[in-house]
Amino acid sequence: MKKYIFPLIILFQLLAAEGIEELSIVVYPEYYYPGVMVEFTGVFEEVNANKTFSFMIPTNTDSVFLIKEVSDAGTDMTLIDQEDRKGESWVSVPMTEKEFRVFAFYVPFNPHDVKRSFDYTMKFEEHMENVHLVLNHPAASEDFQVDKPGA
Numbered sequence: 001m002k003k004y005i006f007p008l009i010i011l012f013q014l015l016a017a018e019g020i021e022e023l024s025i026v027v028y029p030e031y032y033y034p035g036v037m038v039e040f041t042g043v044f045e046e047v048n049a050n051k052t053f054s055f056m057i058p059t060n061t062d063s064v065f066l067i068k069e070v071s072d073a074g075t076d077m078t079l080i081d082q083e084d085r086k087g088e089s090w091v092s093v094p095m096t097e098k099e100f101r102v103f104a105f106y107v108p109f110n111p112h113d114v115k116r117s118f119d120y121t122m123k124f125e126e127h128m129e130n131v132h133l134v135l136n137h138p139a140a141s142e143d144f145q146v147d148k149p150g151a
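Per the numbering used here, the very first residue in the sequence shown carries number 1; after that it's consecutive.
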């Protein structure tokens, strides 16, 4: 059995070699959009034009944009197609540049209801070294609370 451990460790390292060095996820409920905006910013461990970073988004997502460049001349935004995988919506970001920034917009609740709640399930296909999650408190909200999953 010992002779199989070393090759498995090497195989795992090779498979995980092109993952995400750092990923920050910021959730903005009703920030400037009458729903939820989620910002994904990250750094790939390696650039690889033949590989993509894929992650799940809510099925009722309006749109997902890849931000390629922000300058005085403007912002280069590319609409990312959503892919249905067994009833789940997924998007893929090409690993063509070291850093990436993606925005997803969706409306999980009726904006006219006084009480609003939503959940956001995250699934990723890549190895990640560091992950940071931030949930912004909506400025006009009262009795804002975050519940544990399944609560």
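All residues carry an ideal CB built from backbone N, CA and C; glycine is no exception.
*Of the choices N136, A104, E97, K98, whose alpha-carbon is the least far from that of V91?*
A104
_Considering Cα atoms alone, identify which of A140, L135, T41 is closest to E21._
T41
*Please report how far the alpha carbon of K98 lies from the alpha carbon of H132, in whole angstroms.*
18 Å
*Only counting runs of 3 or more residues, tell me where the beta strand (DSSP E) segments fall wholly within the stretch 58-108, in order along the chain.*
61-71, 74-79, 83-85, 88-95, 99-106
_I need the straight-line Cα distance from N110 to F55, nearest angstrom please._
25 Å
*Does DSSP put H127 in a helix, in a strand, or in coil?*
coil
*Please classify V26: does DSSP put it in a helix, a strand, or coil?*
strand
*asked:* Using 8 Å for Cβ pairs, my map puts N136 next to V26. What's the rounded Cβ distance?
replied: 7 Å
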